[in-house]
Every structure is written in structure tokens, then in C-alpha cells.
Amino acid sequence: MARICCTSTNKEKTLEFKLHAPQARKVTLAGSFNKWNTRTTTARKDKD
């Protein structure tokens, strides 16, 4: 089961998004920032 770990923002209006989903092969983000297009913002796996 996947779950969102945490999110945070700062003065530059950047967002940190963490998702714990070790079984996931691909994660995409969609929202008003990319016109809800799931093909433009593919997340990449971090060491954590």
C-alpha cells in the first residue's frame, strides 16, 4: 500500500513530495501546475 509521507513548501513556492511505495514501478504527479497531465511529471526514485 502506498502512502504520502510528507509535503512541505518554502518561500520559493517549491514543494517536496514524499511517497512510500516500494512496490511502485512509476509515480507521476498531476495538478494545476502541469494542466493535470500525468505524462509530464514523472517522479524519480530517491535513496531514502
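Under the working numbering, the sequence shown is numbered contiguously, ending at residue 126.
Just so you know, even glycine gets a beta-carbon here, dropped at the ideal spot from N, CA and C.
Whole-angstrom C-beta distance between Ala108 and Thr119, which should lie under 8 Å: Residue 119 sits at position 41 when you count from the first residue of the sequence shown. Residue 108 sits at position 30 when you count from the first residue of the sequence shown. Their Cβ separation, rounded to whole angstroms, is 7 Å, which keeps Thr119 and Ala108 in contact under 8 Å.
Whole-number beta carbon distance between Thr92 and Thr106, since they are thought to touch under 8 Å: Within the sequence shown, numbered from 1, the residue matching residue 106 stands at position 28. Within the sequence shown, numbered from 1, the residue matching residue 92 stands at position 14. Contact doesn't hold; Cβ gap of about 18 Å is too wide.
C-alpha distance - Glu90 paired with Leu97, whole-angstrom precision: The residue given as residue 90 occupies position 12 in the sequence shown. The residue given as residue 97 occupies position 19 in the sequence shown. Cα-Cα distance, rounded: 22 Å.
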